[in-house]
Structures are given as structure tokens and as C-alpha cells.
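Visitor:
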Amino acid sequence: MIRERLQMAAPSRALPVPTPETQHFWDGTQSGELRLQRCDDCSNVYFPPRPFCPSCASRKVSVFKASGKGKLYSYVINHRPAAPGFTPPYAIAVVELDEGPRMMSNILDCPQTPEALVLDMKLEVAFEKVSDKITLSQFRPAKG
Amino acid sequence: MRRNQVAVVGAAETTKLGVIPDMSQIQLHADAALNALADAGLKLSDIDGIATAVETPQQLAHYLGITPTWVDGTSVGGCSFMLHVRHAAAAIEAGLCKTVLITHAESGKSMIGKLPRSIPADSLQGQFEAPFGVYGPPSMFPIPVLRYMRTYGITHEQIAMVSVVQREWAAKNPRAMMKDPITVEDVLNSRMIAYPFRILQCCLVTDGGGALILTSADRAKDFPQKPVYILGTGESVETPMVSQMETFNSSRAFKVAGPTAFREAGIAHKDVDHLMIYDAFAHLPLFGLGDLGFMPHEETGKFIADRKTAIGGKLPMNTNGGGLSYMHSGMYGMYALQESVRQMRGIAPAQVPGAKISVCHGVGGMFAASGTIIFTNER
């Protein structure tokens with residue numbers, strides 16, 4: 162079966178492969194920074210990375226270090242089928258950053274239960290090294 | 004687009020639906036196409052336009068032996084066929100072709116002759132969603148649900164009623180995959196897939212297909228079946244990444260496609276006799292009812308829980324049982340269109356008496372795309 166062959170071919174976690182437009186983001190996570198982009202013309206902050214502003218089309222954009230703070234916008238707790246490299250149940254969340262953009266994340270250092278995962282709870286970025294080349298930006302409940 | 008200039012004159016599903024281990028995916032396309040041709044009383048040589056998704060138009064043309072002068076390979080997920088209908092209607096009106104065949108089929112369960120879908124690791128989805136454990140639609144499509152429920156005060160019990168009501172419709176459809184009655188408790192105690200959704204809130208995985216044949220309304224009266232006219236159409240796309248939707252309180256693609264179709268049709272919501280909202284997962288009918296403007300989002304859960312979309316309700320919805328109970332081979336939009344056509348012909352197993360206007364609304368990907376077709380049986 163095709164499906165089984167695919168699963169055998171990809172037993173470990175899916176890892177990102179950066180492109181020229183996203184390299185700065187992945188360089189940032191390697192060095193412990195969550196990097197976003199801001200338009201120099203209209204001040205729009207956006208994600209995922211692009212070398213132009215998706216709001217006003219300006220090519221004058223800057224990369225900056227984000228606060229790493231955000232809140233839990235929504236999530237599922239995935240039970241099955243589980244992605245390769247994951248042990249269910251695990252939450253797949255969308256975090257709303259204080260700067261505005263949202264990004265997908267897991268929620269580390271937290272029980273993966275509806276009781277513990279409360280919408281709008283404060284989160285902070287955590288960096289999870291998953292290979293020599295790749296560190297993922299993840300989030301965990303904010304301290305204090 | 005002008006109203007009622009193009010009609011559906013042929014419509015059919017594959018001979019079998021459900022588990023079809025003795026047929027490849029492209030043969031399922033052919034099976035549906037040949038059934039639709041027979042329904043319309045046409046020969047393959049009468050077809051001069053083709054549209055399909057996942058399988059390419061060139062594969063379809065070669066396999067069926069068709070030489071088209073117009074092709075559409077728009078492939079934006081399960082609502083691709085709504086977009087095909089819209090594009091075909093425009094092409095027929097513009098004189099680019101006369102008779103269009105639209106096919107869908109997927110060997111979704113048996114996986115025979117079906118290419119696997121994969122996400123490249125250097126795509127934006129591959130970089131910014133795949134590493135976080137998303138694995139197929141059940142892990143992605145329900146991600147907005149908890150936010151939607153919080154914003155509008157929708158309860159788990161209300162959403163569970165989507166599955167309950169649609170199972171009641173399915174019970175009246177001999178070809179539906181799941182017909183046994185279920186309760187809210189059954190839904191909320193069924194196997195957890197991706198909290199908050201359980202197995203009875205996720206679509207089926209089956210084999211099958213369907214095909215439509217469209218031609219100009221002026222020619223339609225000469226065909227054996229009662230013509231079903233295209234009254235209004237709409238389409239849009241938003242993002243392939245569910246995490247990047249503008250908001251989880253609404254679908255932008257729905258909010259463009261649906262109202263565009265209503266404006267084109269020149270109808271009000273109270274004129275709608277029959278409604279199909281593609282239900283890959285149980286929250287989609289709620290998003291659809293709100294985003295198409297039938298009611299504020301705050302009221303969608305109560306509306307369904309109060310049985311307003313059930314048999315005898317004021318707005319019969321998903322009358323074949325939907326993707327949750329009828330069938331879902333991967334791109335269910337075609338089956339929603341088939342049910343709208345059956346209702347407009349007056350031959351649906353769970354026929355809505357006297358229905359004259361049917362709204363058929365589809366989703367593609369995880370709220371990535373949308374298409375809406377409004378049909379009528381009166382010109």
C-alpha cells in the first residue's frame with residue numbers, strides 16, 4: 162500500500178527546509194531569537210517571512226527580534242492519526258503574538274489537556290533544537 | 004455572470020459508492036462520466052469542454068478519448084467542482100465551448116491508482132506547520148473550532164447535533180454509507196480524534212466519484228432530464244495554512260464566495276429552499292450558515308440544535324447525509340452538487356417538497372478555498 166510505504170519512509174518528525182526568503186527566521190531560532198518582519202513604509206508586522214510587505218507591497222522591510230510573548234488563540238489535542246515523531250495526545254496550537262501575527266506551535270511544559278490549555282493564556286517562546294541545523298520556535302506557559 | 008443562461012443536463016455518481024477495491028481512481032472518473040453521459044443522452048464525442056481536479060484534464064481527456072477545445076484543471080481542494088461549474092458556465096456563455104463534462108473521483112479508501120499527497124519540506128506549510136505534528140485534515144481542520152465556540156458561545160452539544168441531524172437525513176438515502184441513528188451522547192462519547200472533535204464529527208473516508216454535464220440553457224430543454232439552471236456563482240481563496248487565516252471566527256473565502264453567489268442570483272436568504280454546506284468536519288455548517296449570511300454566527304449552533312436544518316425544518320441542509328454520513332472520497336464538493344441537482348430535479352431520496360432554489364457551498368483545503376453555486380429549476 163502506498164500509505165504504508167510513505168509512513169515507513171518518514172518515521173521521524175517532519176523538519177523544515179529553509180528557503181532564501183525564510184533563512185533569517187531559521188537563523189534566528191538557532192541563535193535564540195524569534196524574528197519577525199516589519200514594513201518600513203506602512204509599519205505592518207507580518208509572518209510567515211517574505212521579502213515584501215503583504216499589506217502594501219513595499220520591498221522596504223526589516224527583520225527584528227520579536228518579544229516572544231503571546232497568547233493561546235486556538236488548538237486541537239491530536240490523538241490519531243499521530244504524525245511521525247509525535248506521541249499522542251499532543252496539542253497543535255496557534256499562538257497570537259503580542260506583535261500581531263499568529264504562528265503554529267506546540268505547547269511545551271504543560272499538560273496536554275483541555276483543563277490546562279486555556280484559551281488566551283499567556284505564552285512565551287521556547288526554542289527546541291530538533292537537529293544540528295534546525296531549532297523550532299515553540300511556546301510554553303509564561304512564567305509569572 | 005447572467006442568470007439561468009447555463010444548465011446542468013447530466014448528473015451522476017459512480018455506479019458504486021463506499022469501498023470499491025476493484026477500480027482505480029481514473030476508472031472511477033470514467034465510470035462517473037459514462038453514467039452522466041447516459042443520464043444526458045450524450046456521446047463522448049459531444050463533449051468539447053472538460054474540467055477535473057487532482058487527476059489532470061489531460062489524463063481525463065486521454066482516458067476517455069475526448070478532444071476538448073476548453074479545459075479547466077483548477078484544483079483547490081474539495082470545492083474545485085464548484086469553481087469548475089462557475090468557470091464552465093462563463094465559458095459556455097462566452098462561446099468557448101458548448102458541452103462541458105466535470106468529473107471527480109477518488110480512491111480515497113482503497114488508494115488504487117491514487118498519487119499520495121505530500122507537503123514539500125521547503126514550502127511555507129512544510130516549514131511553519133508540518134514540524135508541529137499536523138498530520139492530515141483531522142489534525143488541522145478543527146484547529147479554529149475552540150476559538151469559534153468561545154467567541155460565539157457555541158456548545159459541544161450544539162455542534163454534536165450537526166452529526167445527529169445529518170445521520171437522520173442519511174437514513175433516508177439508500178446509498179449513504181452510515182444510516183444507523185446516533186444521539187448527542189453517542190457523538191460526544193465516540194473515539195477522540197483531535198480534541199474537541201471525535202470520530203463522529205469527522206468525515207468518512209470512501210471511494211467514489213461523480214460527474215456533471217453543462218450546456219447552454221437554450222439547448223437544455225432538448226435533453227431527457229429536467230434542466231437545472233445556474234442562478235448564481237461565487238469563488239475565492241484565502242490561505243493554504245490554517246494557522247494563517249485572518250480570523251478563526253469566520254472564513255474569508257466563505258464570506259467572499261457565498262455573498263457573491265447571492266448577489267449574482269439576485270435572491271434573498273428567505274428564498275432558499277434547500278442548502279448544502281460541505282461538511283468535511285462538523286463545524287463547517289456553522290461557519291457556512293454565518294458566513295453566507297443566513298444568520299449571525301452566534302445563532303448557528305442553536306439553529307442546528309433546534310432542528311431547523313433537519314427533516315421538516317425551515318432550512319433543510321445536507322439532505323444526503325453529508326460528508327459525515329453519506330460519503331467522502333476526499334473532495335466531497337461533487338457529491339454536494341449532485342444532491343443539489345437531485346433536489347432541483349425532484350428525485351432526491353429525501354426530497355424537499357416543492358424546492359425551487361438550492362444553494363450549494365463548498366470548501367477546499369482547511370478553509371483555503373471556497374465555491375458557491377446557486378441552482379434553480381425555474382427559468
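For the record, the sequence lines run as chains Z and B. Mapped onto the numbering used here, the consecutive letters of the first sequence carry residue numbers 162 to 305. Mapped onto the numbering used here, the consecutive letters of the second sequence carry residue numbers 4 to 382. A virtual CB, placed ideally from N, CA and C, is assigned to each residue, including glycine.
Quick check: what's the CA-CA separation for SER204/Z versus PRO275/Z?
Guide: Rounded to the nearest angstrom, the two C-alpha atoms are 36 Å apart.
Visitor: What residue range does the alpha helix (DSSP H) around ARG89/B cover?
Guide: 83 to 97
Visitor: With a CB to CB cut of under 7 Å and the five nearest residues on each side skipped, what residues in its chain are close to PHE208/Z?
Guide: Annotation for PHE208/Z: LEU197, PRO262 and MET264 place their beta carbon closer than 7 Å to its own, counting only its chain and skipping 5 residues before and after.
Visitor: Taking 8 Å as the cut-off, decide whether the C-beta atoms of LYS224/B and ARG348/B are in contact.
Guide: no
Visitor: What distance in whole Å lies between the Cβ atoms of THR59/B and CYS76/B, which are believed to be in contact at a cut-off of 8 Å?
Guide: Sequence check: residue 76/B is Gly here, not Cys. Their Cβ separation, rounded to whole angstroms, is 6 Å, which keeps GLY76/B and THR59/B in contact under 8 Å.
Visitor: Chain Z partners of SER246/B, CB-CB under 8 Å?
Guide: What SER246/B touches in chain Z: VAL255, ARG263, MET264 and MET265.
Visitor: Determine the contact status of ARG120/B and GLY374/B, defining contact as a CB-CB distance below 8 Å.
Guide: no
Visitor: Are ASN7/B and ALA256/B touching if we call contact CB-CB under 8 Å?
Guide: Cβ atoms of ASN7/B and ALA256/B: not closer than 8 Å.
Visitor: Counting contacts by CB-CB distance shorter than 8 Å, is LEU195/Z in contact with chain B?
Guide: no
Visitor: So with CB distances below 9 Å, who are the chain B contacts of ILE238/Z?
Guide: MET195, ALA197, TYR198 and PRO199
Visitor: Give the single residue among GLN346/B, GLY368/B, ALA214/B and ALA372/B whose Cα lies nearest to the Cα of GLU381/B.
Guide: GLN346/B
Visitor: Looking at the secondary structure, which residues open and close the beta strand (DSSP E) in which GLN198/Z lies?
Guide: 196 to 200
Visitor: When the cut-off is 8 Å and only beta carbons count, does LEU176/Z lie next to chain B?
Guide: Yes - at least one Cβ of chain B is within 8 Å of the one on LEU176/Z.
Visitor: Go to ILE50/B, then tell me how far its beta strand (DSSP E) extends in each direction, as first and last residue.
Guide: Where ILE50/B is concerned, there is no enclosing beta strand (DSSP E), given that its DSSP letter is neither H nor E.
Visitor: What does ALA124/B touch in chain A if you count any residue whose Cβ is under 7 Å from its own?
Guide: The structure shown contains no chain A; its protein chains are Z and B.
Visitor: Between the alpha carbons of ALA351/B and GLY13/B, how many angstroms are there, rounded?
Guide: 15 Å
Visitor: So, for ASP274/B: in the same chain, excluding its five sequence neighbours on each side, which residues have a beta-carbon less than 7 Å away from its beta-carbon?
Guide: ILE360
Visitor: GLY235/B bridges to which residues according to DSSP?
Guide: ILE377/B
Visitor: Does the beta carbon of TYR155/B come closer than 8 Å to any beta carbon on chain Z?
Guide: no
Visitor: When the Cα atoms are used, what is the spatial distance from ILE115/B to THR322/B?
Guide: 29 Å
Visitor: Rounded to a whole number of angstroms, what is the C-alpha to C-alpha distance between ARG166/Z and PHE225/Z?
Guide: In this prediction, ARG166/Z has a pLDDT of 43, which is less than 50 and means its spatial position is unreliable; what the coordinates show is noted afterwards. Distance between the alpha carbons of ARG166/Z and PHE225/Z: 42 Å.
Visitor: Can at least three beta-carbon pairs, one atom from the segment 195 to 214 of chain B and one from the segment 227 to 245 of chain B, be found at a separation below 8 Å?
Guide: no
Visitor: Can you give me, in chain order, the residues of the segment 206 to 226 of chain Z that have a beta carbon less than 7 Å from any beta carbon in chain B?
Guide: PRO209
Visitor: Drop a sphere of 10 angstroms on the beta-carbon of ASP125/B, count the other beta-carbons inside from all chains shown, and report buried for 16 or more, exposed for fewer.
Guide: exposed
Visitor: Fully enclosed by the segment 264 to 347 of chain B, which beta strand (DSSP E) runs are 3 residues long or longer?
Guide: 277 to 280
Visitor: In this structure, does DSSP put LYS224/B in helix, strand or coil?
Guide: coil
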